[in-house]
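>
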Amino acid sequence: MSSNYDVQTVEAKWQKRWRDEGFYQVDPDDPRKKSYVLCMYPYPSGPAHQGHVRNYTFGDLLVRFRTMHGEAVLSPIGFDSFGLPAENAAIKTGEHPRSFTEARIKELTESLQRLGASYDWRRVIKSHDPNYIKWNQFIFIHFLKAGLAYRDKAPVNWCPGCQTVLANEQVLADGTCERSGDIVERKNLFQWFFRITNYAEDLLNSIEDLDWPERVKVMQRHWIGRSEGAEFELKVACTSDISLKVYTTRPDTSFGMTYAVIAPEHPLVETLTKPDFSKDVLSLLERASRSSDIERQSTEGALEKRGAFTGSYAINPFNGKEIPIYVADYVLMSYGTGAIMAVPAEDERDYAFAQIHNLPIIRTTEPPDADFEGPYSGDGLKINSDWLDGMDTKTAKAKSIQWLESNGIGKGKVNYRLRDWLVSRQRYWGCPIPIIHCPSCGEVPVDIEDLPILPPDDVEFLPTGESPLARHDGFVNATCPKCHQSAKRETDTMDTFVDSSWYFFRFCDPFNTEVPFDIETAKLFMPVDQYIGGVEHAILHLLYARFYTRALIDIDLAPKEIREPFKKLFTQGMIRLDGSKMSKSKGNLIAPSKYFDSVGADALRIFHLFVGPPADDMDWTSQTDEVIEGMARFLARVWRLAVPDASDQEISGRPSYIEPVSRELTAADTAIRKLTHATIEKVTSDFNRWSFNTAIACLMDFTNQLTKYQAAGAEKSVMDEAVNTLLLLLAPSAPHLSAEAWERKNGGHVHAQSWPLADPILAKADTVTLIIQVDSKVKDKVEVAPDIAETEAIGIALESAKVQEILGDKEPLRIIARPPRLINIVTQN
RNA sequence: GCCCGGGUGGCGAAAUCGGCAGACGCGGCGGAUUCAAAAUCCGUUGUCUUUACAGACGUGCGGGUUCGACUCCCGCCCCGGGCACCA
Numbered sequence: 024m025s026s027n028y029d030v031q032t033v034e035a036k037w038q039k040r041w042r043d044e045g046f047y048q049v050d051p052d053d054p055r056k057k058s059y060v061l062c063m064y065p066y067p068s069g070p071a072h073q074g075h076v077r078n079y080t081f082g083d084l085l086v087r088f089r090t091m092h093g094e095a096v097l098s099p100i101g102f103d104s105f106g107l108p109a110e111n112a113a114i115k116t117g118e119h120p121r122s123f124t125e126a127r128i129k130e131l132t133e134s135l136q137r138l139g140a141s142y143d144w145r146r147v148i149k150s151h152d153p154n155y156i157k158w159n160q161f162i163f164i165h166f167l168k169a170g171l172a173y174r175d176k177a178p179v180n181w182c183p184g185c186q187t188v189l190a191n192e193q194v195l196a197d198g199t200c201e202r203s204g205d206i207v208e209r210k211n212l213f214q215w216f217f218r219i220t221n222y223a224e225d226l227l228n229s230i231e232d233l234d235w236p237e238r239v240k241v242m243q244r245h246w247i248g249r250s251e252g253a254e255f256e257l258k259v260a261c262t263s264d265i266s267l268k269v270y271t272t273r274p275d276t277s278f279g280m281t282y283a284v285i286a287p288e289h290p291l292v293e294t295l296t297k298p299d300f301s302k303d304v305l306s307l308l309e310r311a312s313r314s315s316d317i318e319r320q321s322t323e324g325a326l327e328k329r330g331a332f333t334g335s336y337a338i339n340p341f342n343g344k345e346i347p348i349y350v351a352d353y354v355l356m357s358y359g360t361g362a363i364m365a366v367p368a369e370d371e372r373d374y375a376f377a378q379i380h381n382l383p384i385i386r387t388t389e390p391p392d393a394d395f396e397g398p399y400s401g402d403g404l405k406i407n408s409d410w411l412d413g414m415d416t417k418t419a420k421a422k423s424i425q426w427l428e429s430n431g432i433g434k435g436k437v438n439y440r441l442r443d444w445l446v447s448r449q450r451y452w453g454c455p456i457p458i459i460h461c462p463s464c465g466e467v468p469v470d471i472e473d474l475p476i477l478p479p480d481d482v483e484f485l486p487t488g489e490s491p492l493a494r495h496d497g498f499v500n501a502t503c504p505k506c507h508q509s510a511k512r513e514t515d516t517m518d519t520f521v522d523s524s525w526y527f528f529r530f531c532d533p534f535n536t537e538v539p540f541d542i543e544t545a546k547l548f549m550p551v552d553q554y555i556g557g558v559e560h561a562i563l564h565l566l567y568a569r570f571y572t573r574a575l576i577d578i579d580l581a582p583k584e585i586r587e588p589f590k591k592l593f594t595q596g597m598i599r600l601d602g603s604k605m606s607k608s609k610g611n612l613i614a615p616s617k618y619f620d621s622v623g624a625d626a627l628r629i630f631h632l633f634v635g636p637p638a639d640d641m642d643w644t645s646q647t648d649e650v651i652e653g654m655a656r657f658l659a660r661v662w663r664l665a666v667p668d669a670s671d672q673e674i675s676g677r678p679s680y681i682e683p684v685s686r687e688l689t690a691a692d693t694a695i696r697k698l699t700h701a702t703i704e705k706v707t708s709d710f711n712r713w714s715f716n717t718a719i720a721c722l723m724d725f726t727n728q729l730t731k732y733q734a735a736g737a738e739k740s741v742m743d744e745a746v747n748t749l750l751l752l753l754a755p756s757a758p759h760l761s762a763e764a765w766e767r768k769n770g771g772h773v774h775a776q777s778w779p780l781a782d783p784i785l786a787k788a789d790t791v792t793l794i795i796q797v798d799s800k801v802k803d804k805v806e807v808a809p810d811i812a813e814t815e816a817i818g819i820a821l822e823s824a825k826v827q828e829i830l831g832d833k834e835p836l837r838i839i840a841r842p843p844r845l846i847n848i849v850t851q852n
């Protein structure tokens with residue numbers, strides 16, 4: 024860059040000043056209008072990578088932009104500092120997860136500061152901080168008391184070699200343990216859950232009002248997966264009191280039911296299996312329990328449709344016919360009732376199963392054409408369905424539900440794909456679940472006064488996969504808070520998504536020692552006006568945060584006005600390295616620190632803003648360094664305009680610097696004034712619609728025009744206005760250079776200035792290019808007044824020499840007039 | 001398989017309401033400066049035909065609507081992402 028712009032010194036100077044002066048600190052009593060801009064807090068994996076830089080550049084731009092609009096912008100940062108990598112590192116190297124994590128936080132903090140990101144650094148939250156753990160556990164206990172947390176049996180991945188539960192990512196694709204190589208089993212163990220399904224309907228319905236990217240909304244809707252249907256009883260033949268509850272979305276097809284299927288984990292499997300068939304059933308059960316989720320749900324498995332006949336029959340209540348009951352792993356215990364009526368003619372999966380097991384197929388819906396083959400799941404008129412015959416699907420559905428209800432067999436039922444949230448993790452480096460298991464009192468929450476329950480430091484990290492907490496006698500042995508007998512402490516820790524489900528509330532009131540956060544203070548800042556993060560959190564984090572907000576309201580810990588935590592969401596694109604997904608080692612090659620050291624933070628920020636739309640993925644290629652160099656060149660041009668310095672201008676080849684003069688405004692001067700105001704308008708609206716790349720392009724163009732203007736001899740006041748405007752408009756994007764240039768030029772702090780306001784009269788163009796077409800092909804262009812009358816525009820077009828030449832004495836067939844933009848003279852059809 | 005995105009110069013991209021396709025930047029080419037180079041600055045740069053003037057073609061492919069389509073409609077192809085036995 025320019026000889027008298029020392030990037031390193033200038034950037035360090037302003038970073039220190041912003042921090043020391045608390046420039047971006049906001050307090051509850053701040054008189055300015057409050058707003059809240061938040062980037063998803065990062066997992067501290069070391070120094071920032073380019074993904075972080077991209078994310079935090081967008082966030083910082085908005086914080087500074089809105090601050091210049093006179094708002095008190097709450098802009099906090101924190102660290103999602105619990106999680107598996109620190110624990111794995113501990114197993115490998117022996118370093119304690121705490122010191123490991125704190126070292127990574129230090130590195131990441133330094134990167135963020137070198138980026139020039141502006142935060143209220145007093146408010147930093149770390150998930151592993153005892154203060155945060157305390158309120159995490161406090162909320163857990165309140166959830167438990169409100170019935171929102173419970174303990175239940177759930178199938179988990181169990182490694183018989185390691186004698187422990189494995190996380191899904193520790194199970195390899197072939198269903199073996201990544202550590203011991205043993206075949207992972209599915210075991211039912213007690214786990215802690217949050218009752219997110221209580222809120223399924225509300226979480227679903229509220230999606231429509233969110234100002235979020237459509238695709239994220241679609242993903243959440245799909246994840247919640249509401250379906251309407253019926254639940255009813257199938258009596259088991261030759262028994263008096265046993266019946267099977269099934270769920271279907273297609274009760275209208277009930278007359279086509281030719282068999283029933285129960286999940287391998289269904290409680291009635293044993294009862295229904297007749298001795299002659301137990302061999303087949305048992306081998307199926309064993310296979311199902313051995314196979315991992317991945318295998319069981321793979322596409323190849325779907326073709327096989329593994330299943331076994333139980334020897335029992337059920338009675339179809341609609342026609343009284345007996346149908347065989349099978350056990351098959353294509354039916355999941357965790358959805359609906361874990362049992363289905365199978366209608367092979369109208370369901371693909373049932374059809375495939377029926378084909379393999381030679382079961383009858385009866386159509387109950389007329390397919391669109393007579394020779395239709397295979398299962399037809401669309402709508403149509405009912406056939407082979409007795410009293411439903413002739414009805415359309417919708418009517419038949421309603422009628423069959425009515426029939427079930429009036430005969431006391433079943434009822435209409437809404438089901439969700441969404442399951443309760445399993446929060447237990449058999450891990451050390453997480454927030455301990457504050458529960459004591461007492462032999463006489465059962466599960467007892469720790470007394471609030473005893474919080475936080477912290478994981479002990481003196482533990483051993485062994486590569487067994489078992490949580491060190493479970494092996495630590497001092498931690499495990501406790502006394503029951505109720506009866507004071509000796510008891511065992513819960514050794515599961517919480518899913519780290521719990522930590523991130525309410526941190527945005529804590530940011531509002533991070534020093535509170537009485538409650539997780541004060542409701543009134545939270546009300547001042549919440550909801551988050553703009554939330555920014557990666558799409559990878561489109562479902563889980565964002566859904567859990569929405570659930571937590573509702574749950575906290577219901578237990579009177581959050582303001583009831585804030586139903587949705589994130590008003591607006593922006594999901595940025597991913598960064599790819601030469602087309603492939605970014606890996607850690609590859610990512611290091613393009614480490615931000617390398618660019619901070621060479622071109623500086625401003626150039627790297629401008630690059631991320633300029634390279635393309637923020638929502639799009641971007642490829643980091645071999646050309647990228649050259650583009651970044653180009654950004655540094657642009658900033659150098661701005662610097663030379665704003666801080667003209669004789670010694671710097673003497674570089675040969677460059678046009679010599681001409682001191683601006685005061686004079687009556689010429690046409691060229693007025694044109695620059697107009698350009699200045701048009702630029703304010705364009706950049707402001709581009710920032711507001713997240714079109715940062717075009718805003719930067721516009722500023723580059725403005726800079727180029729000003730450079731030419733100055734070289735041609737500028738007018739002083741016009742040049743002054745233009746350059747000051749340029750620095751103000753650039754201040755959110757390249758904060759260091761703008762601040763330094765502003766200080767040298769005008770004194771004071773550019774980020775404390777008001778955002779420039781465009782004079783609408785100046786910003787408006789006084790001529791518009793009228794496009795003159797003949798048969799939709801451009802033949803001529805004329806500058807005209809923006810308010811030109813239609814007849815006048817047509818007149819100009821017809822008089823055009825070009826048009827005359829083409830038309831000759833032909834009469835135009837018709838003339839399309841769209842003044843002041845376009846006249847199209849049509850001569851042929 | 002289903003549901004979303006996306007496909008525009010050599011490259012990243014722009015075109016906000018159906019009206020100049022390619023703003024801005026990278027790279028390339030030419031020039032200035034220099035003993036020379038680097039750096040910097042200026043000019044130029046969609047493709048083809050043409051000495052030129054100019055003309056033709058051009059937004060994944062095929063159709064359609066329209067005076068006019070990157071933009072709207074129908075049918076394909078390719079790439080990326082999400083979900084994936086949810087009854």
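Per our numbering, the first sequence starts with residue 24, numbered consecutively. Quick reminder that beta carbons are idealized off the backbone N, C-alpha and C, glycines included.
Going by C-alpha distance, which of Leu836, Ile846, Arg841 is nearest glutamate 822?
With distances taken between Cα atoms, glutamate 822 lies closest to Ile846.
> Excluding the 5 residues preceding and the 5 following leucine 97 in the sequence, name in chain order all residues of the same chain whose CB lies nearer than 6 Å to its CB.
Val49, Tyr59, Phe548
> Since arginine 249 sits in a beta bridge, which residues does DSSP pair it with?
The partner list for arginine 249 (beta bridge, DSSP) reads Tyr439.
> Compare the C-alpha of valine 33 against each of Gly82, Leu138, Met91 and name the closest.
Leu138
> Any idea if asparagine 627 is buried or exposed, counting beta-carbon neighbours within 10 angstroms, 16 or more meaning buried?
Looking at the sequence itself, residue 627 is leucine, so the reference to asparagine does not match. By the neighbour-count rule (16 or more Cβ atoms within 10 Å), leucine 627 is buried.
> What's the gap between the Cα of isoleucine 613 and the Cα of valine 86?
Counting only the Cα atoms, valine 86 lies some 26 Å from isoleucine 613.
> Check whether the stretch 125-134 touches the stretch 809-825, counting contact only when three or more Cβ pairs, one atom from each stretch, lie closer than 8 Å.
The stretch 125-134 is not in contact with the stretch 809-825.
> Here's the rule I'm using: 16 or more other beta-carbon atoms within 10 Å means buried, otherwise exposed. How should proline 298 be labelled?
Burial check for proline 298: the Cβ neighbour count within 10 Å stays below 16, so the residue is exposed.
> For aspartate 540, name the three-state secondary structure that DSSP assigns.
What sits at residue 540 in the sequence shown is phenylalanine, not aspartate. Three-state DSSP puts phenylalanine 540 in coil, outside helix and strand.
> With DSSP collapsed to three states, give me the class of glycine 117.
coil
> Are the beta-carbon atoms of aspartate 22 and tyrosine 270 separated by less than 8 Å?
Any answer about residue 22 is impossible in this case: the structure gives the chain only from 24 up to 852.
> Which first and last residues belong to the alpha helix (DSSP H) in which tyrosine 618 is found?
For tyrosine 618, the enclosing alpha helix (DSSP H) begins and ends at 615-620.
> I need the boundaries of the alpha helix (DSSP H) containing leucine 821, first residue and last residue.
813-822
> Taking buried to mean at least 16 other C-beta atoms within 10 Å of its own C-beta, is histidine 507 buried or exposed?
exposed
> Taking the alpha carbon of serine 685 as the reference point, which residue from Asp743, Thr726, Val650 has its own alpha carbon closest?
Here the closest residue by C-alpha is Asp743.
> What first and last residue would you give for the beta strand (DSSP E) that runs through histidine 165?
No beta strand (DSSP E) holds histidine 165; the alpha helix (DSSP H) holding it covers 153-168.
> What is the DSSP secondary structure of cysteine 531, reduced to helix, strand or coil?
Correct three-state label for cysteine 531: coil.
> Below 7 Å, is the gap between the Cβ of leucine 658 and the nearest heavy atom of the ligand SAM?
Of the ligands one can find in the structure shown there are none, so the ligand SAM has no counterpart to examine.
> Checking the sheet assignment: what are the DSSP bridge partners for asparagine 111?
Per DSSP, none; premise fails for asparagine 111.
> Given a cut-off of 8 Å on the beta-carbon distance, is the pair alanine 375 and valine 284 in contact?
In this structure, valine 284 does not lie closer than 8 Å to alanine 375 by Cβ.
> Indicate the three-state DSSP secondary structure (helix, strand or coil) for glutamate 371 in the structure shown.
In the three-state scheme derived from DSSP, where H, G and I count as helix and E and B as strand, glutamate 371 is classed as helix.
> Going by Cα to Cα distance, which pick from Asp692, Ser714, Ala574, Gln646 is closest to proline 637?
Ser714
> DSSP state of leucine 632, grouped into three classes?
helix
> Using the three-state DSSP reduction, which class does asparagine 500 fall into: helix, strand or coil?
strand
> For the stretch 102-121 against the stretch 473-487, do three or more pairs of beta-carbon atoms, one drawn from each stretch, fall closer than 8 Å, so that the two count as touching?
yes
> Does the distance from the C-beta atom of proline 9 to that of leucine 307 stay below 8 Å?
It is not possible to answer for residue 9, since the shown part of the chain is limited to 24 through 852.
> Locate the alpha helix (DSSP H) running through phenylalanine 520, then write down its first and last residues.
519-522
> What do you get for alanine 393, buried or exposed, if any count of 16 or more other CB atoms within 10 angstroms of its CB means buried?
exposed
> Any idea what DSSP makes of proline 745, helix, strand or coil?
Note on identity: in this sequence residue 745 is alanine, with proline being the wrong assignment. In the structure shown, alanine 745 sits in a helix (DSSP, three-state: H, G or I).
> Tell me which same chain residues have a C-beta within less than 8 Å of the C-beta of aspartate 232, skipping the five on either side of it?
Glu587
> Taking all protein chains shown into account, decide if phenylalanine 395 is buried (16 or more other Cβ within 10 angstroms of its Cβ) or exposed.
exposed
> Roughly how many angstroms lie between the CA atoms of aspartate 29 and serine 621, to the nearest whole one?
11 Å
> Could you check how far apart the C-beta atoms of leucine 752 and threonine 702 are, in whole angstroms? I think they sit under 8 Å.
Contact flag correct, Cβ pair sits at about 7 Å.
> How many whole angstroms separate the CB atoms of valine 797 and isoleucine 848, which I take to be in contact at a CB cut-off of 8 Å?
5 Å
> What distance in whole Å lies between the Cβ atoms of phenylalanine 530 and arginine 146, which are believed to be in contact at a cut-off of 8 Å?
For arginine 146 against phenylalanine 530, the beta-carbon gap comes to about 6 Å, under 8 Å, which counts as contact.
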